[in-house]
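J.:
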Amino acid sequence: MAAAAASPPPPSSAAHENKKKPEEERDVNNMAQAEVTNVFNLQDQEEAVTKMLQSTSMGQYYLGQTKMEDFFIPDRTYVPHNKYAEEEEEEGGGGDELPVLDFSVAAESPSSKKTENGGEPNPQQHHQDYATRKQALISQLLVAAESWGFFGVVNHGISLELISRMQAHAHRFFQLPLQEKLKGSPNGSLLYSYTTGSVDVLPTKWWNESLQLIWTQEQVQLFCDRIVWSQDHHDAHYNPNSFREDFLEFTAALGELGRRIMELLAEGLGLHPDAFNRHFRAESHSTLRLNYYPPCPHPDKIEGMYEHSDASMISILHQDQVGGLQILRNGKWVGVRPDPASFVVNIGEIVMLMSNERFSSVVHRAVANSSEPRLSMVFFCVPVHEDVLTVAEGLIDATHPARFTPFNWGDYLKILWKKDRPDYYRPGKTSSTKTSGEEEVDNKES
Ligand SMILES: O=C(O)CCC(=O)C(=O)O
Ligand SMILES: [Fe+2]
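Residue 265 in UniProt numbering sits at position 265 of the sequence shown; the count goes up by one each step and never skips.
1) Give me the Cα-Cα distance between F150 and H234, rounded to the nearest whole angstrom.
2) Which partner residues does L375 have in the DSSP bridge list?
3) Quick check: does the Cβ of L413 come within less than 7 Å of any heavy atom belonging to ligand 1?
4) Using the C-alpha atoms, what's the distance from L162 back to A168?
5) Do V362 and L328 have their beta-carbon atoms positioned less than 8 Å apart in this structure?
6) Are there 16 or more other CB atoms within 10 angstroms of the CB of E283, so buried, or fewer, so exposed?
7) Quick check on the burial criterion: 16 or more other C-beta atoms within 10 angstroms. Buried or exposed for P406?
8) Do V336 and R374 have their CB atoms nearer than 8 Å?
9) For I214, does the count of other Cβ atoms within 10 angstroms reach 16, so buried, or fall short, so exposed?
10) Would you call the stretch 376-394 in contact with the stretch 350-361, where contact means no fewer than 3 C-beta pairs closer than 8 Å?
11) To which residues of the same chain is F103 closer than 6 Å at the C-beta, ignoring the five residues directly before and after it?
12) To the nearest angstrom, how far is it from the Cα of N277 to the Cα of L101?
13) Find the nearest neighbour of N408 within the set S57, E386, P401 and A398, judged by alpha-carbon distance.
14) Tell me whether H308 counts as near ligand 2, meaning its Cβ is closer than 7 Å to at least one heavy atom of that ligand.
15) Of all the alpha helix (DSSP H) runs that stay within the bounds of the stretch 139-174, which reach a length of 4 or more residues?
16) May I ask you to check if the CB of H364 is nearer than 7 Å to at least one heavy atom of ligand 2?
17) Closer than 7 Å: is that where the CB of S315 sits relative to any heavy atom of ligand 2?
18) Just to confirm, does G324 get its C-beta within under 7 Å of one of the non-hydrogen atoms of ligand 1?
19) Which residue wins for smallest C-alpha separation from residue 447, given the options D129, P338, E209 and V143?
20) In terms of DSSP beta bridges, what is R329 paired with?
21) Just the Cα atoms here: how many angstroms apart are H298 and T77?
22) Taking only the alpha-carbon atoms, compute the straight-line gap between N122 and H279 and give it to the nearest angstrom.
23) Using only alpha-carbon positions, find the residue among P383, L202 and F243 that is nearest to E349.
24) Considering only residues of the stretch 206-281, which uninterrupted alpha helix (DSSP H) runs meet the minimum length of 4 residues and lie entirely inside it, listed in chain order?
25) Is the beta carbon of N408 within less than 7 Å of some heavy atom of ligand 1?
26) Under a three-way DSSP split, which group does T50 fall into?
27) Would a C-beta distance cut-off of 8 Å place S315 and V228 closer than the cut-off?
28) I'd like to check one pair, T195 with M305: are the Cβ atoms closer than 8 Å?
29) Have a look at H272, K205 and H81 and flag the residue whose alpha-carbon is nearest the alpha-carbon of residue 507.
30) Measuring only the C-alpha atoms, how far is H308 from R365?
31) Judging by CA-CA distance, which residue of S198, S230 and S147 is the nearest neighbour of I347?
32) Label V177 either buried or exposed according to how many other C-beta atoms from any shown protein chain fall within 10 Å of its C-beta, with 16 as the threshold for buried.
33) Going by CA-CA distance only, name the one from I73, D70 and A170 that's closest to L288.
34) For ligand 1, is there a heavy atom less than 7 Å away from the beta-carbon of S198?
35) Below 8 Å between beta carbons: does that hold for N369 and H81?
36) Can S376 be considered in contact with ligand 1, in the sense that its beta carbon sits closer than 7 Å to one or more heavy atoms?
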């Protein structure tokens with residue numbers, strides 16, 4: 001994976017065109033509407049689901065309450081989903097590359113490694129090698145977190161088979177009829193459920209669907225119990241328990257990777273290795289979010305996911321081979337080339353604040369495309385609700401006063417969408433920038 005600055009084309013004027021709605025668009029709408037009518041005929045249909053549909057972009061679209069044109073974003077800087085750094089460089093752009101870090105050393109213990117021929121290494125020599133390589137990784141990580149806020153991770157220790165199994169589960173889920181998927185929105189929660197696109201409070205409508213679940217056994221079980229994974233009897237061999245099992249294995253592995261990354265980030269800042277991790281515990285409401293972007297007829301005018309920064313401590317993202325993740329870097333949108341073997345990690349707002357803004361939480365977006373669906377899977381490491389979060393002690397001195405006051409994650413969620421959110425919660429952001437991953441609009445948790 002590599003990426004570089006891409007020069008944005010001139011703002012699209014197409015958003016202002018008054019185009020007639022093509023036939024096929026109307027068909028999609030009609031089909032979706034028929035499905036929704038079914039949903040409303042079900043006896044056990046919950047008010048919350050109706051409310052969710054009516055207050056989300058794709059929900060309104062499926063209900064026929066929103067037209068394609070209502071998704072258009074005027075004067076948007078469009079960079080196609082498959083435009084990456086290399087092409088830009090070939091065209092003479094010469095962008096810089098997204099740092100990609102080799103995490104193999106982070107999974108090693110200082111003493112356990114065998115030599116290549118299987119013999120015992122000289123323990124002292126090995127310890128020195130290990131320490132040198134770990135220090136090199138920490139230095140690269142520090143540069144990446146300070147200057148990019150984003151980086152790729154390879155040799156992360158998560159098996160490619162597990163990743164593809166999760167992708168297959170996600171595709172299976174998103175291809176279910178809408179009425180089935182809506183069973184995954186049992187209580188109207190917009191944070192821990194299946195959601196049809198962006199919520200109304202946002203200034204833009206996103207062309208996506210998502211499923212976001214807390215990483216606990218209990219939560220995933222509640223979800224699995226409601227979903228009928230396939231109505232096709234030819235598909236009877238599919239084991240619905242496998243979603244739960246793979247979900248738990250995947251989130252546990254991502255949690256472990258998140259822990260390793262935050263430990264190294266803390267060490268890089270000269271802090272106690274546990275400075276961030278002591279707030280990232282098993283009882284935190286960390287989530288896995290599956291983002292599904294159906295083919296979109298107007299990707300130049302419609303956003304898959306609008307620009308935002310993540311409210312997490314850190315986020316760990318895997319995107320499929322389609323491409324579409326873009327980072328705002330030095331005022332330009334930079335496309336991140338997909339690589340099935342790597343994860344893309346970004347610093348979230350919580351670690352940015354705890355680091356007294358030594359690290360940046362960078363604005364990013366997802367661009368839709370007209371030809372194929374796209375899937376991304378994001379793990380949001382978040383702190384335990386009640387923990388008081390402060391700037392790490394070791395980072396404050398006379399010349400570097402704390403830039404924000406102590407807060408906790410529960411309070412943070414409450415103010416996340418407020419227009420009058422204090423400045424120190426969103427340094428350097430434009431007023432149109434919203435935070436994603438945590439759409440707890442009415443604080444409807446659980
Ligand atoms: O789909 C993507 O590549 C971006 C997803 C994202 O940024 C998010 O879910 O917060
Ligand atoms: Fe994000």
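In this text, a Cβ means the ideal position worked out from N, Cα and C, and glycines have one as well. Note that the structure is predicted; figures quoted are calculated from it, not measured.
T.: Inspection of the coordinates gives the following:
1) Taking the first residue of the sequence shown as 1, we reach residue 150 at position 150. Taking the first residue of the sequence shown as 1, we reach residue 234 at position 234. Across the structure, F150 and H234 are spaced so that their CA atoms are roughly 43 Å apart.
2) Locating residue 375 in the sequence shown gives position 375, where the first residue counts as 1. According to DSSP, L375 bridges with Y292.
3) Taking the sequence shown and counting its residues from 1, the one referred to as residue 413 is at position 413. No, the Cβ of L413 stays beyond 7 Å of every heavy atom of ligand 1.
4) By 1-based counting over the sequence shown, the position of residue 168 is 168. By 1-based counting over the sequence shown, the position of residue 162 is 162. Distance between A168 and L162, taken at the CA atoms: about 10 Å.
5) For the purposes of this step, residue 328 is taken as residue 328 along the sequence shown, with counting starting at 1. For the purposes of this step, residue 362 is taken as residue 362 along the sequence shown, with counting starting at 1. In this structure, V362 lies closer than 8 Å to L328 by Cβ.
6) On the sequence shown, residue 283 is found 283 positions in, with the first residue counted as 1. E283 is exposed by the Cβ-count criterion.
7) Translated into the one-based positions of the sequence shown, residue 406 becomes position 406. Per the 10 Å Cβ criterion, exposed.
8) What you label residue 336 is simply residue 336 of the sequence shown in a count that begins at 1. What you label residue 374 is simply residue 374 of the sequence shown in a count that begins at 1. At least 8 Å separates the beta-carbon of V336 from that of R374.
9) Your numbering for residue 214 matches position 214 in the sequence shown. Burial call: buried.
10) yes
11) On the sequence shown, position 103 is the one that residue 103 refers to. Only V153, N155 and H156 meet the Cβ criterion.
12) Along the sequence shown, read from residue 1 onward, the residue named residue 277 stands at position 277. Along the sequence shown, read from residue 1 onward, the residue named residue 101 stands at position 101. One Cα belongs to N277, the other to L101, and the distance between them is close to 20 Å.
13) Walking along the sequence shown from the start, residue 408 turns up at place 408. When each option's Cα is compared against that of N408, the closest is E386.
14) By 1-based counting over the sequence shown, the position of residue 308 is 308. For ligand 2, at least one heavy atom lies less than 7 Å from the Cβ of H308.
15) Runs found: 160-174.
16) The count along the sequence shown starts at 1 and reaches residue 364 at position 364. H364: yes, Cβ under 7 Å from ligand 2.
17) Here residue 315 refers to the residue found at position 315 of the sequence shown. Checking every heavy atom of ligand 2 against the Cβ of S315, one is found closer than 7 Å.
18) In the sequence shown, counting from the first residue as 1, residue 324 sits at position 324. Under cutoff, so the answer is yes.
19) For the chain, the structure presents residues 1 to 446; residue 447 sits outside this window and is missing.
20) Mapped onto the sequence shown, residue 329 falls at position 329. Its beta-bridge partners are K332.
21) Walking along the sequence shown from the start, residue 298 turns up at place 298. Walking along the sequence shown from the start, residue 77 turns up at place 77. Rounded to the nearest angstrom, the two C-alpha atoms are 14 Å apart.
22) By one-based count along the sequence shown, residue 122 stands at place 122. By one-based count along the sequence shown, residue 279 stands at place 279. Roughly 37 Å separates the two Cα atoms.
23) By 1-based counting over the sequence shown, the position of residue 349 is 349. The candidate whose alpha carbon is nearest that of E349 is P383.
24) 217-226 and 241-268
25) Sequence index remark: in the sequence shown, residue 408 carries index 408 (1-based). False, no ligand heavy atom lies under 7 Å from that Cβ.
26) Residue 50 sits at position 50 when you count from the first residue of the sequence shown. In the structure shown, T50 falls within a helical segment according to DSSP collapsed to helix, strand and coil.
27) Stepping through the sequence shown from its first residue, residue 315 is reached at position 315. Stepping through the sequence shown from its first residue, residue 228 is reached at position 228. No, the Cβ-Cβ distance between S315 and V228 is not below 8 Å.
28) Counting from one through the sequence shown, the residue named residue 305 turns up at place 305. Counting from one through the sequence shown, the residue named residue 195 turns up at place 195. Cβ atoms of M305 and T195: not closer than 8 Å.
29) Because the chain here runs from 1 to 446, residue 507 falls outside it and cannot be looked at.
30) Position 308 of the sequence shown, counted from the start, is the residue given in the question as residue 308. Position 365 of the sequence shown, counted from the start, is the residue given in the question as residue 365. H308 and R365 have their C-alpha atoms spaced approximately 6 Å apart.
31) For the purposes of this step, residue 347 is taken as the residue at position 347 of the sequence shown. Out of S198, S230 and S147, S147 has the C-alpha closest to the C-alpha of I347.
32) The residue given as residue 177 occupies position 177 in the sequence shown. It is Pro, not Val, that sits at residue 177 in the sequence shown. Looking at its Cβ environment, which holds fewer than 16 other Cβ atoms inside 10 Å, P177 is exposed.
33) Here the question's residue 288 lines up with position 288 in the sequence shown. Selected option, being the one with the closest Cα: A170.
34) Within the sequence shown, residue 198 is the residue found at index 198, counting from 1. No, ligand 1 has no heavy atom inside 7 Å of this Cβ.
35) In the sequence shown, residue 369 corresponds to position 369, counting from 1. In the sequence shown, residue 81 corresponds to position 81, counting from 1. In terms of Cβ geometry, N369 and H81 form a close pair [threshold 8 Å].
36) Locating residue 376 in the sequence shown gives position 376, where the first residue counts as 1. Yes - ligand 1 has a heavy atom lying nearer than 7 Å to the Cβ of S376.
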